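K.L.:
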Amino acid sequence: EETVNIAQELYLGFVLDRKAERVMIVASAAGGMEIEEIAERQPDSIIRATVDPGVGMQQFQAREIAFGLGLESNLIGKATETIMGCYQVFRDYDASMLEINPLVVTRDGNLVALDAK
């Protein structure tokens, strides 16, 4: 295993909202713990977005989430690609949930998914 020098831990999740018939994206700059715990301790840190199944996830939505996470400008593009890629996997595999926790910002300016399910 490789050691990762972590600067920040983020949370990124996709879940199928069956009632609304939409994909719900949940993200937070307070990653590394269960999202329920984050919601309880820091409810204002949670970003939510929905995806219209008729058009799919749009690039601007992923960028808004990346900016909402408070990432530095040099990471916005990487985060946008990561979010769009996760949505594509979620859709292509007909998943009901996809979660990266934590998605970390490394000290050398990279994004790394340390755990996913």
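Number 857 in my numbering belongs to position 31 of the sequence shown; there are no gaps in the numbering. We treat Cβ as the ideally placed atom computed from N, Cα and C, and that holds for glycine. Quick caveat: nothing in here was measured; it's all calculated off a predicted structure.
Enumerate in chain order the residues of its own chain whose CB-to-CB distance from Ala833 is below 7 Å, with the five nearest sequence positions on each side excluded.
P.N.:
Residue numbering aside, residue 833 sits at position 7 when the sequence shown is read from its first letter. The residues are Val931, Thr932, Arg933.
K.L.:
Confirm, please, whether the CB-CB distance from Val849 to Pro879 is below 9 Å.
P.N.:
Here residue 879 is taken as the residue at index 53 of the sequence shown, counted from 1. Here residue 849 is taken as the residue at index 23 of the sequence shown, counted from 1. Yes, these two residues count as a Cβ contact at 9 Å.
K.L.:
Restricting to Cα atoms, I'd like to know which of Val841, Thr829, Asn831, Gly903 is closest to Val915.
P.N.:
Counting from one through the sequence shown, the residue named residue 915 turns up at place 89. Closest by alpha carbon: Val841.
K.L.:
On the DSSP letters alone, give me the boundaries of the alpha helix (DSSP H) that Val915 sits inside.
P.N.:
Taking the sequence shown and counting its residues from 1, one reaches residue 915 at position 89. Looking at the DSSP string, the run of the alpha helix (DSSP H) that includes Val915 is 899 to 918.
K.L.:
Taking only three categories from DSSP, how would you classify Ala939?
P.N.:
Indexing the sequence shown from 1 puts residue 939 at position 113. Three-state result, Ala939: strand.
K.L.:
Go ahead and pull the three-state DSSP assignment for Glu835.
P.N.:
The residue you call residue 835 lines up with position 9 of the sequence shown. Three-state result, Glu835: strand.
K.L.:
State the DSSP-derived secondary structure class of Pro879, mapped to helix, strand or coil.
P.N.:
As a first step, residue 879 must be located in the sequence shown, where it is residue number 53. Pro879 falls in the coil class under three-state DSSP.
K.L.:
Return the first residue and the last residue of the beta strand (DSSP E) that Arg844 is part of.
P.N.:
By one-based count along the sequence shown, residue 844 stands at place 18. From DSSP, Arg844 is part of no beta strand (DSSP E); its letter is neither H nor E.
K.L.:
Looking only at its own chain, which residues have a Cβ that is under 6 Å from the Cβ of Ile926, when we skip the five neighbours before and after it?
P.N.:
Sequence index remark: in the sequence shown, residue 926 carries index 100 (1-based). These residues qualify, in order along the chain: Leu838, Ala939, Ala942.
K.L.:
Taking 6 Å as the limit between beta carbons, can you name the residues of its chain near Met923, skipping five residues before and five after?
P.N.:
Position 97 of the sequence shown, counting from 1, holds the residue named residue 923. These residues qualify, in order along the chain: Val841.
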